[in-house]
């Protein structure tokens, strides 16, 4: 089945130690998104790629970066995780356009010690 | 800035009761409207969406939502809930002029008691 896959499902890192989260998709969608969802809060868009074009949200901290080496894969890099970065990180994809459904992966829960 | 408000953070009801979850948004232009559901331990899934046409849209699992443009609302309804409807429900809005970027409401946790 076509889907959005996130690895790992659970990630533990230490304060200040770089961490990379992975997302892959078999849907062949043009757009990939990264959201941050803190406990009991709404998902918040960090950035998205439209094909190779990177679009950063204005309030996304510089500590967060992303790479999309090809259509199928997208990575979220947190350069120096702080305690406040502990959250669920959601990857989503869509074909393109404002009416297209976004398909979400299961998320990676990040714990920062 | 665009915002999406969900009126209830928590709802508890019994099986067979009717459910209505409120959602209001602040943007005045053309919008696309979505309801997503997150069952315990699962990923976000689309329940239904509205882009244009009939303002009453039907989704999966017996859910429906009504877009009332004059009230900037997109409320979700289900006439008779089941225990399996226990989940968190998120309203989301995208603007036609801003591509497909979703702004989510804060979510409503629904607990259906058997």
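Residue numbers (this note's numbering), protein chains in the order written: chain A, 250 to 362; chain B, 2 to 115. From the three backbone atoms N, C-alpha and C, an ideal C-beta is built for every residue, glycine too.
When beta bridges are read from the DSSP output, residue 25 of chain B appears opposite B/6, B/74.
For residue 110 of chain B, the enclosing beta strand (DSSP E) begins and ends at 109-114. Annotated three-state conformation of residue 62 of chain B is helix, per DSSP. With fewer than three CB-CB distances shorter than 8 Å, the stretch 268-286 of chain A does not count as touching the stretch 10-24 of chain B. Of A/324, A/333, A/362, the smallest CA-CA separation from residue 253 of chain A is found for A/324. Taking CB atoms only, residue 270 of chain A has no neighbour in chain B less than 8 Å away. Distance from the CA atom of residue 50 of chain B to the CA atom of residue 112 of chain B, rounded to whole angstroms, is 23 Å.
Under the Cβ criterion of 8 Å, residue 64 of chain B is not counted among the residues facing chain A. Closer than 8 Å to the CB of residue 11 of chain B there is not a single CB belonging to chain A.
About 14 Å separates the CB atoms of residue 361 of chain A and residue 310 of chain A; that is not less than 8 Å, and the two are not in contact. Taking 8 Å as the cut-off, the Cβ atoms of residue 255 of chain A and residue 340 of chain A count as close. DSSP places residue 49 of chain B in the strand class (E or B) of the three-state scheme. The Cβ neighbour count for residue 354 of chain A, taken over all protein chains shown within 10 Å, is at least 16; the residue is labelled buried. Membership of residue 32 of chain B in the beta strand (DSSP E) is indicated by the continuous run 32-39. Taking 8 Å as the CB threshold, residue 33 of chain B lines the interface with chain A.
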